[in-house]
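Written out below as structure tokens is the structure these notes cover.
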Ligand code: H79
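Numbering (the working numbering), first residue to last: 1025 to 1449.
Written out as structure tokens, the structure reads:
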């Protein structure tokens, strides 16, 4: 994953896509991994696999002719686009990205390019992406697709199936020409305006070929942002490695992707869920460094969103409905991570995200702030006392009710611009 991170070209910071601003303001997105692997739920032939359910075909080295049989039983009758979009809205996410085709090679949308798709190969026979795109858009949520452009374990010429096919005999260009490119064009043509095309694990193309690939696709939807994993430094924003956050603030548009248990695709036996508190603090931490958090859920093969996934999304949304002003539309806080928490900011406002309330109720905010006019709690507006101690600010939290919150947010209103974050390096 580190090599993917390195592929991002920093010039995109200086010459950003002119449609990038919604993304920079969004801060919170929902990632959805859904495919045939969701039906298997981490089990093949009675053997259990753990940690990345969408990799089961590879982990168990399941032959294509066996794996494709799963499609015949894939019938997600519980899928409800409106319910999924409503949950996303309640969670407070501003964008949603769902797997149109993962490495397994199965198309979760109606594709004319292949019969190995949800409409032609399953008893379900419908295109869930049509209704989901519409339901998300109706609620003001930007909609995007994940598409595995290189790895395709179904196709003889697709990347990385070494148990059915011989890698050295593959014609990647042919696979791109005959499947990946026409399918991505379908996604960019049949589902309305997309916010994001989320590419993953590049391969099989030179820099020039990648440039031609990107330029060709861009013509269809110039506003659609491409993730950095399109490869060769040609994305519109940077994705770090899976479950990776940069240790300090980063310039430009970027995103950290996490999953809330130990898998992306559904695994029936994975209950190792992070608490809503961990998720909220992660969201605040990513925002404090200037990026977005895209958090993953894995619906099951029937189309149900697991109970814990829905629960943590709702609890995160509850926190955001009170504290969203300190997350959405903010930039990195100029004050780095503190023993008590992290900071985000907007012009004239510094938000203190307090994860750990000091026992003596005195909060030390180091670093030179412009003239401070007012300090108050974001939830309820309780004004708080403050004093300057040298160049530092001391905030008196004693008047603040001791409520249990993943992050208690204090607003420091200043006269004049806040200083920019200074790299310690
Ligand atoms: O879609 C998710 C992953 O399936 C995909 N990217 C995220 C968003 C991804 N593709 N490749 N990788 C991640 C890196 C590969 C990790 C692996 Fe493994 C380690 C493959 C085999 C060992 C993880 C653990 C998957 C199977 C076991």
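A virtual CB, placed ideally from N, CA and C, is assigned to each residue, including glycine.
All values derive from a computational prediction rather than experimental measurement.
Excluding residues up to 5 positions away in sequence, 1058, 1059, 1122, 1123, 1124, 1125, 1141, 1142, 1152, 1153 lie with their Cβ nearer than 8 Å to the Cβ of residue 1132 in the same chain. Along the length of the segment 1228 to 1309, whole alpha helix (DSSP H) runs at least 4 residues long occupy 1231 to 1242, reported in chain order. Spatial neighbours of residue 1295 in its own chain (CB-CB distance under 8 Å, excluding positions within 5 residues in sequence) are listed in chain order as 1285, 1332.
Looking at the DSSP output, residue 1432 sits in a beta bridge with 1378. Per the DSSP secondary-structure output, residue 1311 pairs with nothing in a beta bridge. Note on geometry: alpha-carbon atoms of residue 1243 and residue 1150 lie some 28 Å from one another.
1251 is the residue among 1235, 1445, 1251 whose C-alpha sits nearest the C-alpha of residue 1220. In this structure, residue 1175 has its CB closer than 8 Å to one or more heavy atoms of the ligand H79.
For the pair residue 1208 and residue 1241, the CB atoms are nearer than the 9 Å cut-off. The beta-bridge partner set that DSSP reports for residue 1412 consists of 1417. Of the candidates 1145, 1116, 1335, the residue whose Cα lies closest to the Cα of residue 1129 is 1145.
When distances are taken from the beta-carbon of residue 1079 to the heavy atoms of the ligand H79, the shortest one is below 8 Å.
When only Cα atoms are considered, residue 1439 and residue 1210 end up about 51 Å apart.
With a contact defined as Cβ atoms closer than 8 Å, residue 1322 and residue 1288 qualify at about 6 Å. Within the segment 1033 to 1088, complete beta strand (DSSP E) segments of at least 3 residues are found at 1052 to 1056, given in chain order.
In the structure shown, the three-state DSSP call for residue 1345 is helix.
Just so you know, the alpha carbons of residue 1290 and residue 1147 end up roughly 20 Å apart. Between the segment 1354 to 1374 and the segment 1405 to 1413 there are fewer than three C-beta pairs closer than 8 Å, too few to call the two in contact. Shortest gap from the CB of residue 1395 to any heavy atom of the ligand H79: 8 Å or more. With a threshold of 16 other beta carbon atoms within 10 Å, residue 1263 meets it and is buried.
Here residue 1310 is buried: its Cβ has 16 or more other Cβ atoms, across all protein chains shown, within 10 Å. Taking every protein chain shown into account, the CB of residue 1314 has 16 or more other CB atoms within 10 angstroms, so this residue is buried. Using a cutoff of 8 Å, the CB of residue 1139 does not count as near the ligand H79, since none of the ligand's heavy atoms is closer than that. Residue 1097 has its alpha-carbon roughly 46 Å from the corresponding atom of residue 1428. Using a Cβ distance threshold of 9 Å, residue 1306 and residue 1349 do not count as a contacting pair. The Cβ-Cβ distance between residue 1304 and residue 1172 does not fall below 9 Å.
The beta carbons of residue 1280 and residue 1273 sit no closer together than 9 Å. When C-alpha distances from residue 1387 are compared across 1397, 1408, 1404, 1373, the shortest belongs to 1408.
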